[in-house]
Amino acid sequence: MNQLILQQGISKELMHFPHILEFTHKKNNTIQLNSFNSNVTDCICLYYILEGKFSWMIDLQQHTLYPGDFALVLPGQRIGGESGILNIGALFGLKISAEDCGKILLGKWSGLTKKEKLSINQILLVNKQQLVLKLKEAQVLMHNLQLELQNEEVGFYTRVNQLLDELFVLVSRQLIRQNSSRRDFPQTFLKLEQTLRQNLAHQWTVEEMAALIGMGTTAFTEKVKNYSGFSPLNYLINIRITEATKLLKKNEVNVTDIALSTGFYSSQHFSTTFKKLTGYTPSEFRKK
């Protein structure tokens, strides 16, 4: 494969892909000083190691990457070579813009459904401290991406975006498998509950909750039911009611505000659910 450096605004190959900020295939025959200084990225950076050994600092953690390793660095994270050095070796590099200040990772270019993009978003954000993976399958995707960008054959626009989607799906699936193989579920469950309590007003779906801890929906539902005795949504309702009982003890907070802040659609929805689970209406509970 030939070396390649494509940059947005400079390289004609990226003219049709404003979301691809940079694509590189580098081979360093000598150590390059001050060529990879540490900085906070404002885009998504993906790297696949082809040859050599690279010592990098990613988000204040030291990583040594070998052939077959894949690193994904999210907006707001810091990356750089140890002492600013880019080691001897070969790698693929890819930088993709993120929307909404980095909160939405896969933009309008992606052909995935809204639900799939949301799941991948959650998986990557929740696992952002462990986004260095052994991912040999990524080499073929990076290689094909280079060919599509260079050759511009019929259908290349669609194919390039499909390859980007495949990369993100591949990383997300690998994270789920990796988490499943080493998961201490009680600890993971506690982490999930803390996250839900911090944003109860959000209308959580089972898919989103599963993505928070890097699991598939079916496996997640089974785990939660075995561990808590409830389905994920019923467990979420119980958390909401628990938080609501705490707020009802504060007489200055009105019932409608409590309902909305704990994720119920309306005060009526809140009142009906609250009475079903506690035997009291919110007003009766507050009086008692």
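Sequence positions in the sequence shown follow full-length UniProt numbering and run 1 to 288. Virtual Cβ for every residue (Gly too), placed ideally from N, Cα, C.
Segment contact, 8 Å Cβ cut-off, at least three pairs: the region 164-174 with the region 33-42:
no
What does DSSP give as the partner residue(s) for Glu207 in the beta ladder?
Paired residues: none, contrary to the question.
Give me the residue from Gln3, Leu163, Val73 with the minimum Cα distance to Asp42.
Val73
With a threshold of 7 Å on Cβ separation, who are the neighbours of Glu99 within its own chain once the five nearest residues in sequence on each side are excluded?
Gly107
Excluding five sequence neighbours on each side, which residues of the same chain lie with their C-beta closer than 7 Å to the C-beta of Glu13?
Leu6, Leu149, Gln150
Nearest to Glu82 (by Cα), restricted to the options Lys250, Ser55, Leu91
Ser55
Compare the Cα-Cα distances from Gly84 to each of Ser97, Phe92, Gln62 and report the closest residue.
Gln62
Taking the beta carbon of Asp257 as the centre, do at least 16 other beta carbons fall within 10 Å, making it buried, or is it exposed?
exposed
Report the residue from Lys287, Ile120, Gln187, Ser97 whose alpha carbon sits nearest the alpha carbon of Gln8.
Ser97
Can you name the residues that DSSP bridges to Gln61?
Ile58
By Cβ distance, which residues of its chain are closer than 7 Å to Lys275, with the 5 residues on each side in sequence left out?
Thr281
Do the CB positions of Pro67 and Ile49 come within less than 8 Å of each other?
yes
Alpha-carbon spacing of Gly214 relative to Leu164, whole angstroms:
20 Å
Rounded to whole angstroms, what's the CA-CA distance from Thr188 to Glu22? Just pull it up for me.
36 Å
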